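Trainee: Numbering (this note's numbering), first residue to last: 221 to 335.
Quick reminder that beta carbons are idealized off the backbone N, C-alpha and C, glycines included.
Just so it is clear, the structure is predicted and the values come from calculations on it, not from any experiment.
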């Protein structure tokens, strides 16, 4: 038998103000991600934590030194899977397994707008 897929495209009309609002939101989210990554890098570099000696540049991603340092922290926190991504699971494990480190993160590094 022959399978035919019909692709339907939907046209969406945006105004200039719609586009401006979307672009501003994307820029704000990128800025917040950058600032958050800076905070994580500073935390991981803290001599009381990992002393990771990361370049504090706000960059992370696959095979980056920041990803590797997060993976090391996640391993120390007995997390599974170890994925190198700082998220709610990492924060929860930090709070549960290393409450003194979590307090440092919460008091000194975590951006106030992040929850």
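Am I right that residue 278 and residue 293 are in contact with their C-beta atoms under 8 Å? What's the rounded C-beta distance?
Mentor: With a Cβ gap of about 18 Å, residue 278 and residue 293 do not count as contacting.
Trainee: Which ranges does the beta strand (DSSP E) cover as unbroken runs of at least 3 residues, wholly within the stretch 258 to 290, from first to last along the chain?
Mentor: Fully enclosed beta strand (DSSP E) runs of 3 or longer: not present.
Trainee: Would you mind giving the Cβ-Cβ distance between residue 273 and residue 265, rounded to the nearest angstrom? I have them listed as a contact below 8 Å.
Mentor: Sure, about 6 Å apart at Cβ, within 8 Å.
Trainee: For residue 298, report the span of its alpha helix (DSSP H) as first-last.
Mentor: Counting along the chain, residue 298 falls outside any alpha helix (DSSP H), and DSSP gives it neither H nor E.
Trainee: Out of 262, 297, 235, 298, which has the shortest C-alpha to C-alpha gap to residue 330?
Mentor: When each option's Cα is compared against that of residue 330, the closest is 262.
Trainee: Pop quiz: residue 310 and residue 299 are said to be a contact at Cβ under 8 Å. What is the actual Cβ separation, rounded to whole angstroms?
Mentor: Indeed they touch by this definition, with Cβ atoms about 7 Å apart.
Trainee: Would residue 286 be called buried (16 or more neighbouring beta carbons within 10 Å of its own) or exposed?
Mentor: That one is buried.
Trainee: Taking C-alpha atoms, which residue in 245, 230, 231 lies nearest to residue 237?
Mentor: Of the candidates 245, 230, 231, the one whose C-alpha sits nearest the C-alpha of residue 237 is 245.
Trainee: Rounded C-beta distance between residue 321 and residue 260? I'm assuming under 8 Å.
Mentor: So it is not a contact: roughly 13 Å between Cβ atoms.
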